[in-house]
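The structure under discussion appears below in the form of structure tokens.
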Amino acid sequence: MVTDAAEVARHVARVRFDERGLVPCVIQDSRSGEVLTLAYANEESLRLTLETGEVHLYSRSRDEIWHKGATSGNVQRVTQLRYDCDGDALLALVEPAGSACHTGERSCFYRDLEGSADGSVDGPRFDGEPLPVPFEALPELERTLLERKRDRPQGSYTVELLDDPSLAANKVKEEAREVVKAVSSESEERIAEEGADVIYHMAVLMLARGVSMAEVLRILNGRRK
């Protein structure tokens, strides 16, 4: 949030708006890295975003300023607002309070036009659910664990671990030993499998103690040298 009017004006002046007075704005979840929306901003909506710390956009169809989430409650708090090398595109890193898409989906990009890029899908998958890509794995894991915690499905191994953090902690130790063993004598694929087991059990243990994946990643970022 920027409260000084002169500073807001300086920031806005860095942006190159097109002949319609608009600039494209990619909105990305700052915690998961997931791209949520592609929309447009004009000078006024950009100024409001800077002043309030929440995403404001320009609706081309309604010809008006659009405070994202004002009606639904799914506001998007801005953590960073970046602009590209030419100054004619914005990237808003946000903490969303709920779904980004008017359909109720978490992201507007929830459909896959042609299938996976690596060709692992037989034939095109028009309008199908996108295959996860590597960077989506940890956020998707955390969402799944939160769903298990909320819904508590009968017979769920995750629920069993969440109810008994000491069991989860012992599993972390057990799986870590398996990784060390695999590194010394097994294939790379087997090492990756054991590593995945460690990450899963560690994620469950952290959730049981109320620690989010975003907090862990924040600590890692702070340790960069």
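Throughout, the numbering used here is defined as the position within the sequence shown, counted from one, plus 2. We put the CB at the ideal spot given by N, CA and C, even for glycine.
*Could you check how far apart the C-beta atoms of Arg79 and Glu56 are, in whole angstroms? I think they sit under 8 Å.*
6 Å
*Residue range of the alpha helix (DSSP H) that Pro167 falls in?*
167–187
*Under a three-way DSSP split, which group does Glu56 fall into?*
strand
*Where does the unbroken alpha helix (DSSP H) through Tyr202 begin, and where does it stop?*
190–210
*From the DSSP output, in three-state form, read off Thr81 for me.*
strand
*Tell me which same chain residues have a C-beta within less than 6 Å of the C-beta of Gly121, skipping the five on either side of it?*
Only weak support exists for where Gly121 lies, its pLDDT of 46 falling under 50; the coordinates are left without a value.
*asked:* Can you check which of these residues, Glu9, Lys227, Met208, Val17, is closest to Leu140 by C-alpha distance?
replied: Met208
_Exposure label - Ala119; buried when at least 16 CB within 10 Å_ = Residue confidence for Ala119 is low, a pLDDT of 48 falling below 50, so the modelled location carries little weight; the figure read from the coordinates is stated next. By the 10 Å Cβ count, Ala119 comes out exposed.
*asked:* Buried or exposed, going by whether 16 or more other CB atoms sit within 10 Å of the CB of Val185?
replied: exposed
_For Glu97, the first and last residue of its enclosing beta strand (DSSP E)_ = 92–98
*Buried or exposed for Arg150, please, with buried defined as at least 16 other CB atoms from any protein chain shown within 10 angstroms of its CB.*
buried
*Excluding the five sequence neighbours on either side, which residues of its own chain have a C-beta within less than 7 Å of the C-beta of Arg49, listed in chain order?*
Val10, Val14
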